[in-house]
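For the sequence shown, the positions run 294 to 650 when this note's numbering is used.
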Amino acid sequence: MKIAMVGCGALAEIYYAPVVQELQADGLAEMSVLCDPDVSRLKKLRTPFAMAAAKNRIEEVVAAKPDLAIVASPPRFHAEQTIALLDAGISVLCEKPMAATVPEAEAMIAAAEKASVPMAIGLFRRFFPVNRTIRDLVRNGNLGAVRRFEISEGGAFQWPAQSASFFQKSASQGGVLADVGVHVLDLILWWFGMPERVRYEDDAMGGLEANCRMELSFPGGVSGTVRLSRDTALQNQTVIEFERGWVRCAAAAANEMEIGFAGAEFAVAGQVRKTEGPRAPHSLPGDSSHQSFARQLRSFLVAVRGEGPVEVPGPEGIRSLRLIESCYRQRTLMEMPWLSPGEKAHASALAQSVAEP
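If you want it as structure tokens, here you go:
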């Protein structure tokens, strides 16, 4: 199966390239096309994929007729590039966030349906064994009903970005919420469904937010908070309280978690393992972060061959985007007690100038 990589930045280099190399070694796929307007990025990615054709425009990728394309370009290009590929009958795995706006994402879904071509969204944390275990605990009620949750994720921005698009309002629909928040909100929606009430605040003062906080309420009495940051070290953990216990895991943890039980003196902490029951002779370690990322692409190959479903299709990917846009429409300025009265007034005026995405 021939794969095209559209966008050859840090994500393609650090995450996708090693996985495609594994697929090539297994004889399952080959990197046939690399596409990026930056010649230096094409040169960098051709090191592991010397036989891949180097292209600068999406039209050239379409003409090359790969079996599937991975769209890992900046989000403002996702819709245009994905739709062009789908219209040509090429399956697409589009990185998160799915698109710059909800209408663009809706157009992508419509294009995939019209072409009857598989389209998946790169929300790979759904493949983490920890997150799948949490989903099962919530759905099966093993620890009773969910009561509340707290999620925090953040620290000094360290991603080796190859462009300034992460910080430019003209290039990105938002800051930390539109970046890391896509993964976090997707999991929340996957676990608990759509919230009935949301309160959102951030520190955007004419630009993109570096910090934000959310309070969410769900039908049935579930409530929770989310705190995200690009400049402050947070606790970086997910805590979910149930009627009869609790679970805790590190932010972005793939296969390690703690489970506590109501009334018990001790909790259980360790690796999440794949097992077939208490009498099974063996259990296998759950996938690591890299293995989960690889499973995302391997799963999509199966769907492209028509041998399985798309794990995270467009209608799933758009849900977090809808919630993000809802947050931005109702945003309020975070409390910053270190500001003087005059600085607060100026900050509020700047915050009012933040246009909706």
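Note that the Cβ used here is the ideal one computed from N, Cα and C, for glycine as well.
Quick caveat, the model's predicted, so the values are computed rather than measured.
Remark: C-beta atoms of Ser-613 and Asp-479 approach each other more closely than 7 Å. Excluding its 5 nearest sequence neighbours in each direction, Asn-435 has C-beta neighbours in its own chain below 8 Å: Asp-429, listed in chain order.
The beta strand (DSSP E) runs of length 3 or more contained entirely in the segment 372-397 are, from start to end of the chain, 384-388. Contact annotation: the segment 474-493 touches the segment 507-524, with at least three C-beta pairs closer than 8 Å. Runs of the beta strand (DSSP E) lying entirely within the segment 518-559, each at least 3 residues long, are 530-535, 538-543 and 549-554 in chain order.
In this structure, Val-477 lies away from Val-565, with their beta-carbon atoms at least 7 Å apart.
Only residues of its own chain outside the window of five on either side were considered, and among them Leu-386, Phe-593, Val-603 and Val-605 have a CB closer than 6 Å to the CB of Ala-413, listed in chain order. Classified as buried, Pro-411 has 16 or more neighbouring CB atoms from the shown chains inside 10 Å of its CB.
DSSP assignment within the segment 470-512 yields the following whole beta strand (DSSP E) runs of 3 residues or more, N-terminal first: 490-495 and 504-510.
Three or more beta-carbon pairs separated by less than 8 Å are not found between the segment 564-578 and the segment 362-378, which leaves the two stretches without contact. When the Cα atoms are used, Leu-470 and Ala-555 turn out to be separated by approximately 33 Å. Closest in alpha carbon position to Glu-502, among Gly-514, Arg-520, Ser-516 and Gly-513, is Arg-520. In terms of Cα proximity to Gly-382, the closest of Phe-450, Ser-582, Ala-356 and Tyr-308 is Ala-356. With distances taken between CA atoms, Gly-448 lies nearest to Leu-527 out of Leu-527, Pro-396 and Glu-397. Assigned with DSSP and collapsed to three states, Arg-440 falls in strand.
Residue environment for Trp-631: exposed (fewer than 16 other C-beta atoms within 10 angstroms of its C-beta).
For Glu-323, no alpha helix (DSSP H) encloses it; the enclosing beta strand (DSSP E) starts and ends at 323-328.
Looking at the DSSP output, Ser-582 sits in no beta bridge, so it has no partner there. Sixteen is the threshold: since fewer than 16 other Cβ atoms of the shown chains lie within 10 Å of the Cβ of Lys-567, the residue is exposed.
Contact check for Ala-543 and Gln-530: beta-carbon distance about 6 Å, within the 8 Å limit, so the pair qualifies. Around Leu-316, the same chain offers Ala-322 as residues with beta carbons nearer than 6 Å, after the five sequence neighbours per side are excluded. Pro-330 and Ala-596 have their alpha carbons spaced roughly 30 Å apart. DSSP lists Ala-297 and Val-385 as the bridge partner or partners of Ala-362. With contact defined as three or more Cβ pairs closer than 8 Å, the segment 360-377 and the segment 331-338 are not in contact.
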